[in-house]
Structure formats: structure tokens, C-alpha cells
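Following: one structure in C-alpha cells, then a few remarks.
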Amino acid sequence: MQSLISDLRYSARELRKRPSFTLTAVLSLALGIGATTAVFSVIYAVLIDPFPYVASDRIMEMVLVDKAGNDRYTGFNGPQFDQLRQARSIECVVAQQGWNLTTTDGDLPEDVRSLALSTDCPNHWGIPARLGRWLVPSDAPPGQDAQPVVVLSYGFWQRYFMGDPNVVGRKIQLVHKTYEVVGVMPPRFQWGEQDLYRPLKVTHDTNIGWGVSIKLRPGITRAQANAELQPLVEQFAKQTPQYYPETFHVDLRSIVDVYARPLGPSLYLLLGAVASLLLIGCGNVSILLLARGVERQHELAIRAAVGAGRGRMIRQLLTESLAVAIAGTTLGLLFAWKGLSAIIAFLPEESFPSESVIKINVPVLLFSVGLAFATTLIFGLWPALQLSRPDIARMMQSSARRVAGSTHARRTHGAMVAIQVALTLVMLSAAGAAAKGFLSW
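So, in C-alpha cells, the structure goes:
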């Protein structure tokens with residue numbers, strides 16, 4: 016333990032004596048780790064895991080593309096809704112209608128975003144309530160009025176009821192009508208970005224239309240569903256032509272395609288830029304360690320002459336490399352945290368799903384840190400193994416403090432520097448092109 020502390024103290028002194036080397040190596044690692052972790056964390060949250068819903072890739076929106084290629088949306092009345100539910104390619108359909116309500120049981124009225132949903136498909140999203148339950152068919156029996164019950168979003172529960180764990184069973188008055196709270200949804204359930212959800216009474220009044228959310232059956236492709244729904248929706252268009260374009264084709268689009276993937280190309284461009292930065296950083300550190308190892312031949316020769324063992328010198332050099340890796344990783348964590356906030360602030364408002372939880376992605380952080388540690392330890396070990404058995408007689412007789420070293424060392428050092436310069440130029444060009452593409456998005 017005492018020898019380890021001694022090694023750490025000596026390493027700190029050596030790194031302070033060479034501030035240019037230390038700052039360059041630490042910043043190279045920190046920038047690569049921080050930028051890569053921050054960008055991939057955004058990509059994971061927005062593109063890989065944007066929604067918490069079960070089989071979110073099968074939850075569809077129906078778009079009608081007219082003759083000019085423009086997207087059109089329409090609603091469906093009660094009879095049409097019933098026919099949609101009978102389609103073989105559809106697992107379930109939820110009718111929905113948004114309506115802002117006002118609380119009337121407090122000192123000050125509050126505007127509340129409300130979404131009324133048909134209740135015959137409670138597993139449409141596959142998300143259980145955090146407290147209580149979700150809406151069920153008995154909340155809106157066929158032919159009867161919907162029950163006065165509501166399910167709260169997590170945010171509204173926290174804001175209006177102060178996160179009361181006994182909120183289930185409490186009452187809330189909306190436009191002078193009393194509703195009973197039957198459930199609270201978890202934080203990531205933000206369907207429609209609503210404050211609360213109510214049961215919807217689906218009537219057969221042909222003058223009332225609702226939006227729909229469609230979930231395809233497992234194994235059914237979008238093309239198959241489009242082909243089945245096209246004649247059905249054309250029949251609807253004949254019934255209510257005022258709500259449909261003259262010519263159109265049905266195009267089902269998953270919520271992932273609509274709300275998450277449009278940002279994908281830009282984020283992948285940015286990932287390419289920062290991944291190049293990480294590779295450049297690791298490459299720079301490897302060259303710095305190799306060059307520094309050659310520079311220390313005279314020091315190693317003296318230590319060997321006074322009796323320092325090979326293992327002792329290897330341990331000392333690895334301790335210094337480890338110190339660089341730890342410092343770079345620590346600073347990289349700070350850069351990742353700050354960089355993540357900067358990227359989120361830079362992204363256009365509402366450009367990604369509100370359900371996305373953007374936070375530091377631990378696996379990619381561990382990968383970046385592991386790559387940094389591997390680079391510093393491997394390239395710290397290589398010169399340690401080569402130089403811990405120096406030619407003492409030659410080193411002591413020559414002006415060993417010069418970086419020259421042996422002819423082989425000079426050639427190796429020159430070749431590595433040339434390779435690193437070429438690699439850095441290539442990586443910087445790629446990073447610059449990727450960053451330019453992202454900024455022009």
C-alpha cells in the first residue's frame with residue numbers, strides 16, 4: 016500500500032512537470048468521452064427507445080395522401096369506427112377526442128388538457144397505472160353514458176394533488192362536474208401530452224367524428240394493412256365526402272416514424288463527428304505516451320543502474336498512464352453532463368417525443384471509458400516493457416536526455432507521428448463534414 020501511494024505521488028509530480036503533455040492527453044480523452052456519451056445518449060432516448068409503450072412500432076396513425084402528395088387527416092364516426100375495429104389486420108383501435116376543461120373546485124380555476132378515450136381496448140399501450148388502474152370497458156358501457164372517472168398523468172398528479180399517494184378515490188371538479196380519480200399513470204406515459212384521461216362514449220351519431228389510434232396485429236406489415244383499409248376508407252369517403260380528398264391512398268405510419276425518426280439523420284451525422292473525435296483523442300494519447308516513453312530512456316537507465324527492478328518501473332509507468340486515464344474520464348463525465356444539456360437546448364422544440372427520457376447512457380459511457388483506459392494502459396505498457404530493460408552502458412555514455420534514442424526508436428517514433436498526423440487529418444475531415452451536415456439540418 017505504501018509503495019502504491021509513493022507511485023501515485025511520483026506520478027503526480029511527473030505529470031505536473033510536463034503540463035503540456037498532461038493537459039493534451041487529459042483533454043483529448045475528456046472531449047472524446049464527453050461528446051460521444053452525450054450524443055449517443057440523445058440517440059438512444061430519441062431513436063432507439065423513444066416510447067415506453069409495448070410494441071410501439073405497431074401503434075399507427077392513419078394518413079390520407081392526396082393526389083398532390085399532401086398529408087390529410089380525418090375523423091371517423093361511430094359506425095365507421097366499428098367497421099375499422101373489425102379489420103383483420105388490426106388488433107385494436109382507440110377513438111380519442113381532446114378537450115380542454117377547467118377545474119372549478121379550487122380558489123382559482125385551472126385550464127386542464129383532457130383526452131377522452133374509448134375504453135374497449137385497455138391494453139392498447141400496454142402500460143399499467145402507477146397507482147390505481149387504467150380506463151376499462153365498464154367505464155363506458157355500450158348505450159350508456161360514460162362514468163365520471165379520470166386517470167391522471169404523472170405531471171398533473173404531482174402539480175395539482177402534490178403527489179398525494181392516497182389520491183385514488185379523491186374527487187376533482189371539472190366544469191362543475193365531479194369526477195373520481197381512479198388511477199395515476201407513470202412518468203413516461205404522456206400520450207397526447209394530456210393532464211388527464213376520461214372514458215369516451217362512442218355513439219352512432221354520424222355527425223360526430225373522432226381521431227383514432229390503430230394497433231396492428233403481430234406479423235402484419237404496413238403494406239398489408241394499407242391494402243385492406245384502402246377500400247374500406249374509400250367507402251367512408253362516399254358516405255362523408257366533405258371530409259376526404261377527391262383522390263387519396265391510405266398510408267399507416269407508426270408513431271416511431273412520425274415523431275422520432277425524422278431527427279435520426281441529423282443525430283447520426285453528429286454521432287459520426289463525435290465518434291471521430293473520440294478516435295482522434297485515443298490516437299493522440301497513444302502517440303503522446305509512446306513519445307514520452309522514448310524521452311524517458313535516460314531516466315529509466317539511471318533507475319535500473321541504481322537497482323530498480325523491471326516490475327517496479329513497469330508499475331510506475333502504468334500508474335502514470337492510469338492517472339491520465341482517470342483524470343480524462345472524470346473530466347469527460349463533466350463534459351458529457353454539460354454537453355447533454357447543450358444538445359437538448361439546441362434541438363428544435365417538439366422535434367422528439369415528449370415520452371423520451373434523455374439521460375446519460377451508462378453502457379456507451381462505459382464503452383467510451385473502457386476505450387480510453389485500454390488506450391492509455393496498452394500504450395503505457397508498451398514503452399514500459401521496451402524501456403524497462405535499457406542498455407545501461409550505452410545510455411550512460413551518450414547524451415541520453417535527448418529524445419534521439421536508438422536508430423530503431425527514432426524510426427518508430429517518426430513513423431507513429433506520421434501515421435497519427437494522417438489519421439487525425441482524415442478524422443477531422445470526417446468530423447467536420449458530419450458537423451456541417453448537422454448544423455445545416
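Heads up, the sequence shown is in my numbering, so the first residue is 16 and it goes up one at a time. Note that the Cβ used here is the ideal one computed from N, Cα and C, for glycine as well. What you are looking at is a predicted structure, and each value in this text was computed from that prediction instead of being measured.
Cut-off 8 Å between Cβ atoms - residues of its own chain near residue i, not counting five sequence neighbours on either side
| i | result |
| --- | --- |
| H139 | I74, C107, V109, S228, K230 |
| C297 | S43, L44, G47, L386, A387, T390 |
| V379 | T51, T52, F55, S56, Y59 |
| F36 | L30, L303, R307 |
| R174 | none |
| K186 | D120, T193, Y194, E195, V196 |
| L38 | none |
Residue j beta carbon less than 8 Å from that of residue i
| i | j | result |
| --- | --- | --- |
| R276 | L62 | yes |
| V372 | A50 | no |
| A27 | V339 | no |
| P214 | I142 | no |
| L146 | L132 | no |
| L267 | N241 | yes |
| V164 | Y194 | yes |
| L79 | P260 | yes |
| I459 | S71 | In the structure as shown, the chain starts at 16 and stops at 456, and residue 459 therefore has no counterpart that could be examined. |
| E76 | I270 | yes |
| F251 | Q111 | no |
| L211 | S153 | no |
| E125 | T134 | no |
| G198 | V166 | yes |
| F367 | P67 | no |
| A92 | I223 | The identity of residue 92 in the sequence shown is Asn, whereas the question assumes Ala. The answer is yes: Cβ separation under 8 Å. |
| F176 | V183 | no |
| D81 | F350 | no |
Host alpha helix (DSSP H) of residue i (start-end)
| i | result |
| --- | --- |
| D64 | From DSSP, D64 is part of no alpha helix (DSSP H); its letter is neither H nor E. |
| E249 | 237 to 254 |
Cut-off 6 Å between Cβ atoms - residues of its own chain near residue i, not counting five sequence neighbours on either side
| i | result |
| --- | --- |
| E208 | S369 |
| A120 | One point to set straight first is that residue 120 is Asp, not Ala, in the sequence displayed. The answer, listed in chain order, is Q188. |
| S383 | I48, T51, T52 |
| Y258 | T89 |
| F204 | I142 |
| V69 | G141 |
| G113 | L130 |
Reduced DSSP category for residue i - H, G, I as helix; E, B as strand; rest coil
| i | result |
| --- | --- |
| G226 | strand |
| F176 | coil |
| G234 | coil |
| D97 | helix |
| K32 | helix |
| T37 | helix |
| R148 | coil |
| K374 | coil |
| E54 | Here the sequence assigns Val to residue 54, which means Glu is not the residue at that position. Helix. |
| R307 | helix |
| R87 | strand |
| V69 | coil |
| V183 | coil |
| V217 | coil |
Proximal residues to residue i (C-beta, below 7 Å), its chain only, five neighbours per side dropped
| i | result |
| --- | --- |
| L244 | A102, V265 |
| L116 | V127, S129, L189, V190 |
| R417 | At R417 the pLDDT is 45, less than 50, meaning the model places this residue with poor confidence and gives no usable figure here. |
| R237 | L267 |
| L286 | V54, F55, I58 |
| L346 | V41, A45 |
| S336 | L304, T391, L392, G395 |
Endpoints, the beta strand (DSSP E) within which residue i is located
| i | result |
| --- | --- |
| L362 | From DSSP, L362 is part of no beta strand (DSSP E); its letter is neither H nor E. |
| Q188 | 186 to 189 |
| V78 | 74 to 81 |
| R213 | 211 to 214 |
| G207 | No beta strand (DSSP E) contains G207, which DSSP labels as neither H nor E. |
| Y194 | 192 to 199 |
| V166 | 164 to 167 |
Can you check the region 102 to 132 for any alpha helix (DSSP H) of at least 4 residues that lies completely inside it and give the ranges in chain order?
none
Quick one: complete alpha helix (DSSP H) runs, 4+ long, within the region 267 to 302?
270 to 274
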